Each structure stands twice: as C-alpha cells, then as structure tokens.
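Reading through the structure tokens given below for one structure.
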Amino acid sequence: MIDLEKARSHLEELGLLSAAAFLDALLERAQRENRTYLDFLNDLLETELAERQRRNVEVRSKLARLPYKKTLKEFDFTFQPSIDEKLIRELATMAFVHRAENVIFLGPPGVGKTHLAVALAIEALSQGISVYFTSLSRLIEDLKTAHKESRLERRMRIYLRPKLLIIDEVGYLPLDGLGSNLFFQLISARYEKGSIILTSNKSFGEWGELMGDPVLATAVLDRLLHHAHIINIRGNSYRLKDRLKTGLYGNPHVKA
17 MIDLEKARSH LEELGLLSAA AFLDALLERA QRENRTYLDF LNDLLETELA ERQRRNVEVR
77 SKLARLPYKK TLKEFDFTFQ PSIDEKLIRE LATMAFVHRA ENVIFLGPPG VGKTHLAVAL
137 AIEALSQGIS VYFTSLSRLI EDLKTAHKES RLERRMRIYL RPKLLIIDEV GYLPLDGLGS
197 NLFFQLISAR YEKGSIILTS NKSFGEWGEL MGDPVLATAV LDRLLHHAHI INIRGNSYRL
257 KDRLKTGLYG NPHVKA
C-alpha cells in the first residue's frame, strides 16, 4: 500500500493527475486480466492522454465560441435521409480543411445544419485544427464596428487566422451596402487559404436579394463555391423529430 501511495504521489508531482486518479482501477484490471507490465504502462499513459485531449478540446471549444457541443454520434441520419452520411464521414476526416475547401449546408430552419457544422468543428478541434464560430449577423456587426473605429485590418485577422471558420445563419437578415462589402472582403481574403463552413436557409439564387447587390453576390458565391462541398438538406425540423414521432407538432421559433 505504501508503494502504491508513493507511485500515486510521483504521478501527481509529474502532473499526471488522471493517471494518478485511475491508478487503483488500472492496477486491479491488470491483475484481473493478467496484463503485462508494458500493457499496464500503456493503459496508464493512454488514460492520461485521453483526459488531456478531452480537456484541451473543451478549452479550444470555448475559444472557438461554439454555441454548444454536438457530435456526429448524436446526429440521427435516419431522420434526414437527404443527407449523404458517407460524405459527412469523409468531411470529418478534415481532408477538406487541408485542401482549403469549403462546406455549405443549405436548408430550411431546424433541419440540422448548425448541428452538423458544430459536429465537424469538434472533429477539427480534436485533430488540433483551429476553429472559430460566428453567426453572419455577429460577424458583420463586429466588422462594422472595427471599420468605424479604423481597426478593420486588425479585427479581420480574427476571422482569417483559424484554419476553419464557421459562418452560421446566412440569410436570416439582409445585408446593407457596407455589410455586403465587408462580407465580400472576408470571403476574398480566405479564398484558397482557409476553409469555411457556412449554413444558410437561402438558395444561391436568393443571395442577390440578401446582399442587395447581385454582382457582389455572384462574386462571393464564385469564391465560396469554387472548391466546395454542398449539402442541401430537405426534410422536417430535426429538433422537432421527437414531437413528430409522437404525433405532437408545435411551431416554436427555432434557429437552423
């Protein structure tokens, strides 16, 4: 027992707190399953690494300003058969980020666009890829303020620095002239340099009206779609699926 406590104390002094916490359980398992010393050591180190990765993802998720934590495991692909699950799984490898490609989720409110965007963001974070999440309205408001205060270039770096930028809720509010111009500047600056995941309830044909300038909208779409995976989700509200299954259906004001 003294040797056990001594080993636990050494682990704690080395900062291996998870290994120290699970030492008893892993020793018991090693004895029960007659595992080798090397197996036991690997189990101990893997426990520490897994917990550190979990904490790192949590910290990076907060820095990325994710609105909530949703994973691909939690997404019910059977409820949205219009989604190509194989494509989503391929995107989760993050190969598209390494190629500086974009992902566009289109569809009406509530079908799971933001859930999938956040789930891919968490996959990216777990692989050490930098992520930043924002709604379009928050993005434009932030850049407008920076433009007014003559610090636009410095503030723009916040949205250019991450390998993966997520822009949510494109289409809920129209953009004025300045907002459209700032959006164009950002998309142009990230073109073929960094990936974007974008969610929108508007078809591409409606972007001219959204931006108040069909020519500028065409320029934005030209850059966004040049290297892009487009997922058009058709179906019922994902968030109301439990109500639908029980025959209950409400009409709450929900976001996509």
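Quick note on this note's numbering: the sequence shown kicks off at 17 and runs consecutively. Note that the Cβ used here is the ideal one computed from N, Cα and C, for glycine as well. This structure is a prediction, so every number in the text was calculated from the model and none was measured.
Between the CA atoms of residue j and residue i - distance to the nearest angstrom
i, j, result
"Ser25", "His243", "53 Å"
"Val75", "Lys86", "15 Å"
"Tyr53", "Val236", "59 Å"
"Thr130", "Ser216", "9 Å"
"Leu176", "Arg206", "6 Å"
"Ala116", "Ser211", "5 Å"
"Gly193", "Gly224", "12 Å"
"Leu82", "Asp19", "44 Å"
"Phe95", "Ala37", "41 Å"
"Leu240", "Arg170", "23 Å"
"Glu90", "Ala133", "13 Å"
"Leu155", "Leu27", "45 Å"
"Ala46", "Phe56", "6 Å"
"Asp59", "Glu165", "54 Å"
"Val113", "Gly221", "26 Å"
"Leu180", "Tyr188", "22 Å"
"Glu70", "Ser153", "Before going on, a small fix: residue 70 reads as Arg here, not Glu. Answer to the nearest angstrom: the Cα atoms are 31 Å apart."
"Pro268", "Tyr84", "Confidence in Pro268 is poor, its pLDDT being 43 and thus under 50, which makes the residue's placement too unreliable to answer from."
"Glu49", "Ser77", "37 Å"
"Arg51", "Ile182", "45 Å"
"Ala23", "Glu44", "15 Å"
Assigned exposure category for residue i - 16 Cβ within 10 Å defines buried
i, result
"Glu208", "exposed"
"Gly126", "buried"
"Pro178", "buried"
"Gly128", "buried"
"Glu29", "exposed"
"Tyr233", "The sequence shown places Ala at residue 233, rather than the Tyr named in the question. It is buried - the Cβ of Ala233 has at least 16 other Cβ atoms within 10 Å."
"Ala80", "buried"
"Ser219", "exposed"
"Val231", "exposed"
"Thr63", "buried"
"Ala140", "buried"
"Tyr148", "buried"
"Ser204", "exposed"
"Leu39", "buried"
"Leu103", "exposed"
"Leu65", "exposed"
"Leu32", "buried"
Own chain partners of residue i with C-beta closer than 7 Å, once the 5 adjacent residues on each side are dropped
i, result
"Pro190", "Leu226, Gly228"
"Ser151", "Asp184, Glu185"
"Val270", "Residue confidence for Val270 is low, a pLDDT of 43 falling below 50, so the modelled location carries little weight; the figure read from the coordinates is stated next. So the list reads Pro125, Gly126, Ser253, Arg255, once near-sequence residues are dropped."
"Ala108", "Leu88, Leu136, Glu139"
"Met110", "Glu139, Ala140, Gln143, Ile145"
"Phe200", "Leu232, Ala235, Val236"
Any chain B beta carbon closer than 8 Å to residue i
i, result
"Arg81", "The chain inventory of the structure shown lacks chain B, comprising one protein chain alone."
Nearest-angstrom Cβ-Cβ length linking residue i and residue j, presumed shorter than 8 Å
i, j, result
"Asn118", "Leu214", "7 Å"
"Glu67", "Ser34", "4 Å"
"Leu136", "Met172", "Between Met172 and Leu136 the Cβ distance is about 23 Å, and since that is not below 8 Å, they are no contact."
"Phe93", "Glu101", "5 Å"
Residues near residue i in its chain [Cβ-Cβ closer than 6 Å; skip 5 each side]
i, result
"His245", "Val119"
"Leu122", "Ser216, Asn248"
"Gly251", "Gln96, Ser98, Val127"
"Ala162", "Leu168, Arg171"
"Leu159", "Leu198"
"Leu42", "Asp59, Leu60"
"Gly195", "Ile156"
"Ser142", "Val73"
"Ser146", "Pro178, Lys179"
Residues bridged to residue i (per DSSP)
i, result
"His245", "Val119"
"Leu214", "Ile120, Ile183"
"Tyr148", "Leu181"
Same chain, Cβ closer than 8 Å to residue i, five either side skipped, listed in chain order
i, result
"Glu21", "none"
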